[in-house]
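Protein chains: 2
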Amino acid sequence: MKREGENPITIREVARCAGVSIATVSRVINDSLTVTPKTREKVSAAMIGLGYTRNEVARSLKIRHTRTIGIIAPELSNTFFMEVLESMEKVFSQRGYTMVICSSSNSVEEEQKKLQVMMERTVDALVIIPVSDVSDHFQGKMLSSIPMVIVDRQLPRLHTDTVLTDNRYGVQQVIKALVQEGFTRIGFIGGSLHIPTAKERYAGYLNAMEEANLTVEGEYVFLEGAMDQKSGYSSIQRILQKQDHPQAFFIANDLLHLGATTYLMETFSPGNRPSLVFASFDYLSYSPLLQFCHYAVFQPLEEIGKSVAELLLRRLDDDWEGFPQQILFKPEIKVMHANATPQLQFPIQDSGKASSQVNC
Amino acid sequence: MKREGENPITIREVARCAGVSIATVSRVINDSLTVTPKTREKVSAAMIGLGYTRNEVARSLKIRHTRTIGIIAPELSNTFFMEVLESMEKVFSQRGYTMVICSSSNSVEEEQKKLQVMMERTVDALVIIPVSDVSDHFQGKMLSSIPMVIVDRQLPRLHTDTVLTDNRYGVQQVIKALVQEGFTRIGFIGGSLHIPTAKERYAGYLNAMEEANLTVEGEYVFLEGAMDQKSGYSSIQRILQKQDHPQAFFIANDLLHLGATTYLMETFSPGNRPSLVFASFDYLSYSPLLQFCHYAVFQPLEEIGKSVAELLLRRLDDDWEGFPQQILFKPEIKVMHANATPQLQFPIQDSGKASSQVNC
DNA sequence: GTGAAAGCGCTAACAC
DNA sequence: GTGTTAGCGCTTTCAC
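For the protein sequence lines, the chains are U and S, in the order given. First residue of the first sequence: 1, per the working numbering; consecutive thereafter. First residue of the second sequence: 1001, per the working numbering; consecutive thereafter.
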């Protein structure tokens, strides 16, 4: 059976083997200039001969940081999040940082716990996609001593760097596009207003509807529960039970959209499907398959990730310029050619007044 | 601007504040029984009063493990992988382990580097989804001293715990189903045979074709490059350029499948689409939208993750029973009702001889 | 340029 | 039951 490995090689053994002091070994490990090429050579030889591997935890204890970034997200199995993560990883890893990842499982309580774990592990910095709009636990004294950036979901009263997409802008654009196509009744399928993105997108919807002078029909505004597939599935199901429902809907995220489309494909045979029209947030790998979709709001996932990482790295270099900074990405509108009016140009200008300003 | 936090509270200050020794503080932190309720009380009060947070890195240095699991995957933005990850996280976090995650970016070289990083950080155990079938760098002396499980892709000559899906079985089942539907010409869209899953699935395809006495037409077997969306897109494009191509294809994974379907939806209008039929690996959230798919092989992602984590935890508890263990999950075949012959029963029995044995 | 020594915050003998 | 003490493996003054 497998046996415990012998004690790993330490700096001490390398020193002995090379006939120098541990200080010298440490110097060559850390590329200190003050080492004779000759000794450096000896030490290197010893290191590779012995198969030395530096112990980062000892090092961390001494230098009081860990070259580690803590990441907390509401769930891991989420395309949006993973895309951002992947992009962050590239820049972090290149700078010698590694990522510690936890899921808050969409629970504030769990989020709190994971925050605690991160502090105990003394991560150097934190990137958080918050579960909800409750943010008290981000205020701790301990926490405030390390850089943190909030991603994707804005926390009302929190004094931190934030990077997110201009949700309202995205919604407004696609609603306008729907209006230009001629739809006058447009429903909203979203989630609990305690989810910051849900709230923002709802606000954008309300706004756009007002600007277009259209009535919001409360009966066709869904604001309950999670923004997941199941919820999208059941929402569209309930909608179709009603007589005289709107033909067009804005759907607040990809999961809801997926659920809704799945319901339609499962329930109706190809020739027989209701002629619904969707516009929604997120344009992901599988979005081309979303048959009822005319317009999708594409968030620049990769850039977002890169930008988060770079901002954090700057803070880590003790550059606090612009703090607390809010980086707002303007999303891109994708026209799904198969279904929509292809010649629309984005951003769509308001005919009446000047278009609303987007600070990006 | 933001200022560095004061020095964090240590065990020492708690001790002073509570009027006890640091050993006692350590004892209450670690729930040692040998502490009077009264002192325990005092110490706890001091801890919460001071806002003490245990320093895990110091602890790790002392006890010589980190309660940390290293994870290396070829890419992070991959639904399959993330689903497994999410499930692992649940069981690890419950046992007090946290996960350090790196991407090997589909590069063997990068994989090697990340392995090194993991060793430096002295993770307690490793879960690896290998990039390819080259496995020399997993043999190191240092590495062999910690538990490791290889997931999803089997490494030929490597003496480790492994958990994966029975790829051949899955392919064989869906090919049989296709055959029973009446297809006699079935192509294969896969990827480089250096990717272990691609290889296994190809082998399963060959096998099933032989059993069904069907000819493998080399012209319609795609074994090049990555198993990604782009490759799926261009493969189907090339296929359609040929006269007299087969109607049915097995596609080796979800990304290829997505690419292929996207091409078809973009290129042909709804009434006008070629009547292709696909069977493929992976049944994911968006699979119901894969219009041309008749059969999908569903890997029990959640169970796989759970099983990896539990196996690793057992090894961590020094239970080496059955090492090296190979856990083979038998996949489930999903019949896509909208498109396929719904009444097929899985597993499909061979009419002629006994069905091949699957050890699970 | 190199070595001796102190100490990062913690745990675990070992005394008492 | 509680305190004293010796490190875990490393970095970093400070002498030489």
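No residue lacks a Cβ here, since even glycine has one placed at the ideal position from N, Cα and C. These figures come from a predicted structure and were not determined experimentally.
#1: If we define contact as Cβ-Cβ less than 7 Å, is S:Thr-1267 a contact residue for chain U?
#2: Taking U:Thr-261 as the query, report the chain S residues whose CB atoms sit under 7 Å from its CB, ordered along the chain.
#3: Does the separation of the CB atoms of S:Gly-1070 and S:Val-1123 fall below 7 Å?
#4: Looking only at its chain, what residues have a beta carbon closer than 6 Å to the beta carbon of S:Ser-1104, apart from the 5 residues adjacent to it on each side?
#5: Would you mind telling me which residues of chain S sit closer than 9 Å to U:Gly-51, beta carbon to beta carbon, in chain order?
#6: Mind pulling the chain U residues with CB within less than 7 Å of S:Tyr-1286?
#7: Do you know whose CA, among S:Val-1221, S:Ser-1135, S:Leu-1289 and S:Leu-1126, lies nearest S:Ile-1146's CA?
#8: Ignoring anything shorter than 4 residues, give me the alpha helix (DSSP H) runs that lie fully in the stretch 1011-1081 of chain S, in order along the chain.
#9: DSSP three-state label for S:Met-1209, please.
#10: Can you check the stretch 165-219 of chain U for any beta strand (DSSP E) of at least 3 residues that lies completely inside it and give the ranges in chain order?
#11: For S:Ala-1252, which residues of its own chain have a beta-carbon under 8 Å away from its beta-carbon, when the five flanking residues on both sides are left out?
#12: So which residues on chain S does U:Ala-58 lean against when the C-beta distance must stay under 8 Å?
#13: Can you tell me which of the three DSSP states U:Val-123 falls into?
#14: Is it buried or exposed for U:Gly-19, if we count other Cβ within 10 angstroms and need 16 for buried?
#15: If you reduce the DSSP assignment to three classes, tell me which class U:Thr-261 lands in.
#16: Strictly below 7 Å CB to CB, what residues from chain S border U:Gln-326?
#17: What residues from chain U crowd round S:Pro-1300, counting only those whose CB sits closer than 8 Å?
#18: Any beta carbon of chain S sitting closer than 7 Å to that of U:Leu-115?
#19: Is the CB-CB distance between U:Ala-177 and U:Leu-344 below 7 Å?
#20: Identify which residue in U:Val-297, U:Pro-300, U:Ile-327 and U:Ala-296 has its Cα closest to the Cα of U:Leu-311.
#21: Give a yes or no on whether the minimum CB-CB distance between S:Ser-1103 and chain U is below 7 Å.
#22: What number of angstroms, rounded off, separates the C-alpha of U:Thr-160 from the C-alpha of S:Ala-1058?
#23: Taking only the alpha-carbon atoms, compute the straight-line gap between U:Tyr-283 and S:Val-1335 and give it to the nearest angstrom.
#24: Of all the CB atoms in chain S, is at least one closer than 7 Å to the CB of U:Arg-54?
#25: Within a Cβ cutoff of 6 Å, which residues of the same chain sit near U:Glu-332, ignoring the five residues on either side of it in sequence?
#26: To the nearest angstrom, report how far apart U:Glu-89 and U:Met-99 are at their CA atoms.
#27: On the DSSP bridge list, what partners appear for U:Lys-230?
#28: Kindly indicate which three-state DSSP category U:Leu-290 falls into: helix, strand or coil?
#29: Any idea if S:Ala-1354 is buried or exposed, counting beta-carbon neighbours within 10 angstroms, 16 or more meaning buried?
#30: With DSSP as the reference, label S:Thr-1367 as helix, strand or coil.
#31: Excluding the five sequence neighbours on either side, which residues of its own chain have a C-beta within less than 7 Å of the C-beta of U:Tyr-97, listed in chain order?
#32: Using a C-beta to C-beta distance shorter than 7 Å, which residues of chain S count as neighbours of U:Thr-10?
#33: So if I threshold CB-CB distances at 7 Å, which residues from the stretch 74-91 of chain U count as touching chain S?
#34: My assumption, with CB atoms under 8 Å, is that S:Arg-1054 sits in contact with S:Ile-1029. Please give the rounded CB distance.
#35: What residues in its chain sit with their C-beta under 6 Å from that of S:Tyr-1263, if we drop five residues either side in the sequence?
#36: Starting from the C-beta of U:Gln-325, find all residues in its chain whose C-beta is less than 6 Å away, skip the five residues before and the five after it, and write them out in chain order.
So, from the listed chains and residues:
#1: no
#2: Leu-1289
#3: yes
#4: Ile-1072, Pro-1074, Glu-1110, Glu-1111, Lys-1114 and Val-1131
#5: Gly-1140, Lys-1141 and Met-1142
#6: Leu-258, Tyr-286 and Leu-289
#7: S:Leu-1126
#8: 1011-1018, 1022-1029, 1037-1050 and 1056-1063
#9: helix
#10: 186-189
#11: Phe-1188, Ile-1189, Gly-1190, Gly-1191, Thr-1197, Ala-1198, Arg-1201, Tyr-1202, Met-1227, Ser-1280 and Phe-1281
#12: Leu-1061
#13: coil
#14: exposed
#15: helix
#16: Those do not exist, as U:Gln-326 stays about 15 Å from chain S at its closest Cβ, beyond 7 Å.
#17: Ordered by position in chain U, no residue passes the 8 Å Cβ test against S:Pro-1300, which lies about 14 Å from the chain.
#18: no
#19: yes
#20: U:Ile-327
#21: yes
#22: 29 Å
#23: 27 Å
#24: yes
#25: Phe-298
#26: 7 Å
#27: The partner list for U:Lys-230 (beta bridge, DSSP) is empty, contrary to what the question assumes.
#28: coil
#29: Confidence at S:Ala-1354 is low in this model, with a pLDDT of 36, below 50, so the placement of that residue is unreliable and no value is reported for it.
#30: Outside the displayed range of chain S (1001 to 1360) lies residue 1367 of chain S, so it cannot be described from this structure.
#31: Arg-67, Thr-68 and Ile-69
#32: By Cβ distance, chain S contributes nothing, its closest Cβ being about 12 Å from U:Thr-10, past 7 Å.
#33: Glu-75, Leu-76, Ser-77, Thr-79, Met-82, Glu-83, Leu-85, Glu-86 and Glu-89
#34: 6 Å
#35: Tyr-1233, Ile-1236 and Gln-1237
#36: Asp-161
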